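With the first letter of the sequence shown counted as 1, position 74 gets the number 142 in the working numbering; the numbers rise by one all the way through.
We put the CB at the ideal spot given by N, CA and C, even for glycine.
Keep in mind it's a predicted model, so treat the numbers as computed, not measured.
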Amino acid sequence: MEVIPVKVLILNNKPKFLDKGDVIATCEPVVDIVARPQEFSGAQHLPSTLENLQILNEEQRKAVIKLLNEFQDLFSTCDVDVGRCNMSQHIINTGNHPPIKQYRIRLSLARKEEAEHLVKEMVDNGIIEESSGPWSSPVVLVKKKDGSTRFCVDYRKLNEITKKDSYPLPRIDDTLYSLNGSQWFTTLDLKSGYWQVEVRPEDREKTAFTAEQGL
């Protein structure tokens, strides 16, 4: 009889006892599984995250694993898994300025197909929606360092007529001083953070862009 080793993970500090012959899992042959990226659960991505916890002792490691499993829905698991902030909406105050219409930039056939794919992907994932109105800005595709494509919209004309918000930015030296005495330093990077803040409904037509599929 073939023996298959099974790893058992305890997510708390209490001991667990298994008697000989206890059934802890079952398995069966699978012919094929096809899943879209957005169907992947956070639990499937946690193991790769936990590989970076080797510097922690066993007690710390268990505490972090428990925390990650408890809040795994807060982590992005793929490129199209983008969150949505409902705490505020972005306002584009253009006053009484008339709408700005710009014609789209011509793209090569290969880049055109790439743009169509990116637009469809964003529509399918609820990031953008079809529009109609007098405003339009051109699409610009930019290559990232890793060779992938960043979908951008040239909003320079729109920015020129938008009233600026004089929000006071913190001083760098004050921010560094506030870290005095700290022992743990962490970073937080939002997945496609630009897309996570909704635009106020009455301002959404101002963000319209022209693509092969339309406005």
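In three-state DSSP terms, what is residue i?
{"i": "Arg272", "result": "helix"}
{"i": "Glu107", "result": "In this predicted model, Glu107 has a pLDDT of only 44, less than 50, meaning its place in the structure is not dependable enough to derive any value."}
{"i": "Thr145", "result": "coil"}
{"i": "Gly261", "result": "helix"}
{"i": "Glu189", "result": "helix"}
{"i": "Gln128", "result": "helix"}
{"i": "Glu266", "result": "strand"}
{"i": "Ala93", "result": "coil"}
{"i": "Gln157", "result": "strand"}
{"i": "Tyr245", "result": "helix"}
{"i": "Leu136", "result": "helix"}
If residue i sits next to residue j, beta carbons under 8 Å apart, how far is it from one beta carbon to the other, in whole angstroms?
{"i": "Gln264", "j": "Leu258", "result": "6 Å"}
{"i": "Glu189", "j": "Val148", "result": "6 Å"}
{"i": "Ser199", "j": "Lys169", "result": "Between Lys169 and Ser199 the Cβ distance is about 13 Å, and since that is not below 8 Å, they are no contact."}
{"i": "Val150", "j": "Ile196", "result": "Incorrect: roughly 11 Å between the Cβ atoms, too far for contact."}
From the DSSP secondary-structure annotation, give me the bridge partner or partners of residue i.
{"i": "Arg224", "result": "Answer is none; Arg224 lacks a bridge partner."}
{"i": "Leu209", "result": "Phe219"}
{"i": "Phe85", "result": "Phe85 is not bridged to any residue."}
{"i": "Ala279", "result": "Gly282"}
{"i": "Ser204", "result": "Lys169"}
Just to check, is the beta-carbon of residue i closer than 7 Å to a non-hydrogen atom of the ligand SAM?
{"i": "Thr162", "result": "The ligand SAM is not part of the structure shown, which contains no ligands of any sort."}
*asked:* When you compare the region 266 to 279 with the region 156 to 168, are there three or more beta-carbon pairs, one atom per stretch, that lie closer than 8 Å?
replied: yes
*Tell me, please, whether the region 199 to 208 touches the region 165 to 174 by the rule of three or more beta-carbon pairs shorter than 8 Å.*
yes
*Cβ contact (3+ pairs, closer than 8 Å) linking the region 217 to 228 and the region 176 to 190*: yes
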